[in-house]
Structure formats: structure tokens, C-alpha cells
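Enquirer: Chains as they are written, first to last, in the numbering used here: chain E, -14 to 124; chain Y, -14 to 124.
Don't be surprised by glycine CBs; every beta carbon is placed ideally from N, CA and C.
1) Closer than 7 Å by C-beta to residue 115 of chain E: which residues in its own chain qualify, once you throw out the five before and the five after it? Chain order, please.
2) Going by C-alpha distance, which of E/54, E/124, E/104, E/60 is nearest residue 36 of chain E?
3) Compare the C-beta of residue 59 of chain E against all C-beta atoms of chain Y and say whether one is closer than 8 Å.
4) In the stretch 2 to 13 of chain Y, which residues sit with their C-beta less than 9 Å from some C-beta in chain E, listed in chain order?
5) What's the gap between the Cα of residue 74 of chain E and the Cα of residue 99 of chain Y?
6) Out of E/22, E/9, E/41, E/24, which has the shortest C-alpha to C-alpha gap to residue 31 of chain E?
7) Can you tell which of Y/46, Y/28, Y/51, Y/47 has the C-alpha that lies nearest to the C-alpha of residue 39 of chain Y?
8) Per the DSSP calculation, residue 100 of chain E is bridged to which residue(s)?
9) Determine the closest residue to residue 83 of chain Y out of Y/59, Y/102, Y/45, Y/72, with distance taken between C-alpha atoms.
10) Return no unless some Cβ of chain E is closer than 8 Å to the Cβ of residue 47 of chain Y.
11) Does the Cβ-Cβ distance between residue 106 of chain E and residue 76 of chain E come in under 8 Å?
12) The beta strand (DSSP E) that contains residue 40 of chain Y, what's its start and end?
13) Between residue 86 of chain E and residue 67 of chain E, what straight-line distance do the alpha-carbon atoms span, to the nearest angstrom?
14) Which residues in chain Y have a C-beta closer than 7 Å to the C-beta of residue 68 of chain E? List them in chain order.
15) In whole angstroms, what is the alpha-carbon distance linking residue 117 of chain E and residue 4 of chain Y?
16) Which residues, in order along the stretch 29 to 41 of chain Y, keep a beta-carbon less than 7 Å from a beta-carbon of chain E?
17) What residues are listed by DSSP as bridge partners for residue 55 of chain E?
18) Taking 8 Å as the threshold (beta carbon to beta carbon), is residue 20 of chain E in contact with chain Y?
19) Would you mind giving the Cβ-Cβ distance between residue 6 of chain Y and residue 71 of chain E, rounded to the nearest angstrom? I have them listed as a contact below 8 Å.
20) Would you say residue 113 of chain Y faces chain E, with C-beta separation under 8 Å as the test?
21) Residue 74 of chain Y CB to nearest chain E CB: under 8 Å?
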């Protein structure tokens, strides 16, 4: 079954990965926010005729995707549902600096970066599009 | 700013990563589902006095976290909100086999695994806890 060493029928093995796709309203604006807040790099961006975007972003080697919501396809933004069903843990070397930058860019602090009893230095913020981020470093 | 080569003040650099934390109802049951459906390995599990779990799982080298919902802390399950705000793209060598296994375990097909115009062989399913998975391989 799937693991990093699988091979498949027609070529080299594919590395197994789990990548979150964040549904948002105002997708193009959200991409700008993530670039500023987390120093994310834009790997690719597709924009359709309505201006809706699907953008692949990276923070260091870590990849995530931002896409405009499409409720007809069961793709809801946190603004549409009034909350979020998946939090994103962003592990970095310097969570204090990353958190401060994200809040300066428009994130709202839920709890500040502190050494937590569960073994990480971590803070939590919600971004302007309603997604929740745990900014962490293992202790 | 954060990248894989950052160093920090008191030790070795921390690799940057983005890890989704899936909020669910019936967390212990959900962990069993993900183990069966995706052949996930359980890295760690914390269970509190109410039976609520936080479990770190891996599929190959790819990590995700499953946790019982906690609405008082803005952690909602898809069942609570009637949808999900983040899809999870699971990239594997053999999406057909992984998808078939997940559906056999109780996932519901949204669209079958096929070569897609956006450059991946991909199917989409919703799991019994309301999270949506794109099971993919690059073409």
C-alpha cells in the first residue's frame, strides 16, 4: 500500500504527500496575504474567467494550495460556514518571528507564542480569510 | 524568514512543514478508519478523560493529525458545519488502488480516479467524518 517506496506501473515512484487545499473568498487577495504573512513563494497560479484562482504556494519546502471557494462543488470558505474544519500547523525554526509577521500582515492572535505543555513552542492565529494556523517549533 | 535552511537561537534548524489537523466527531473511530482506508500508521495518540483523541498519523512520510472537535475552541467537525473548508490532496504512486481501498473502507466517491485535464490522475472521495480527499498522482 502507499508509502514513499512504492513503485507504479509506468515509471518512477511518486513520493507520498499530504497537501491541504484552503478554500477562501477573495482568493487573489488571499495569495497576497500568505506571501506577505508567511513569506510564501508562489509555485503556480491558475486564474479562470471569473477571476477565481487556484494557487500552489510554498513556505520553505512545505506546500499548500489556496483556491476560491466553489460551494456547488462542496468547497466552502470559512466565511461561508462560520468556522473551519481543518487547522494548519506550520512548523518553523522561529515561530515568534513568523507569528509576529503574520499578525502584522493582518492575522488575528488567538493565543500568543509560548512554550506549551504539549511539547511545542506555539501560537495560534486566524487569518483574514478565516483559516486557523498553529505556528510551532518542537521543544 | 522561514525556510528549510533557517537556524534558530538555541539549536539545530527545524525543517519547515505544513501539517493539516482534521477535526472530527468520533475521533477514535476516525483513526481506525484512516488506518484501514489509507494504510496510515499511528505515530502517537493522546486520549483525554472524555475519550477525545488527538492522533498523529502518517501515510508513508506524509503526516496529518486527527482530533476530536472542540467547538468552544473554534475547532469544528464537517458534521457540525455541514461541509469542509480544506480539502486534502493525498499524492501516492497508485491512486487507483488507494482510492478503491478507501471506498471499500467506507469512503464515498465524489468522482472516480481518472486522468484529469489539470495534469493529475485523480479521484475525490468524502470520508465518513466529512473530510474530502483528492487521491492523486502527477501525470
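Expert: Let me spell this out:
1) 62, 63, 64, 69
2) E/54
3) yes
4) With the criterion set as a beta carbon lying under 9 Å from some beta carbon of chain E, the members of the stretch 2 to 13 of chain Y are 2, 3, 4, 5, 6, 7, 8, 9, in sequence order.
5) Whole-angstrom Cα-Cα distance: 31 Å.
6) E/41
7) Nearest option by C-alpha distance: Y/51.
8) E/106
9) Y/45
10) Taking 8 Å as the threshold, the shortest C-beta distance from residue 47 of chain Y to chain E falls below it.
11) Contact flag unset, no.
12) Here the beta strand (DSSP E) through residue 40 of chain Y covers 38 to 44.
13) 25 Å
14) Contacts between residue 68 of chain E and chain Y, judged by CB atoms closer than 7 Å, involve 59, 61, 66 in chain order.
15) Put simply, the backbone Cα of residue 117 of chain E is about 12 Å away from that of residue 4 of chain Y.
16) Against chain E - using a Cβ distance shorter than 7 Å - the stretch 29 to 41 of chain Y contributes no residues.
17) Answer by DSSP bridge pairing, in chain order: E/60.
18) no
19) 6 Å
20) No - not a single Cβ of chain E is within 8 Å of the one on residue 113 of chain Y.
21) yes
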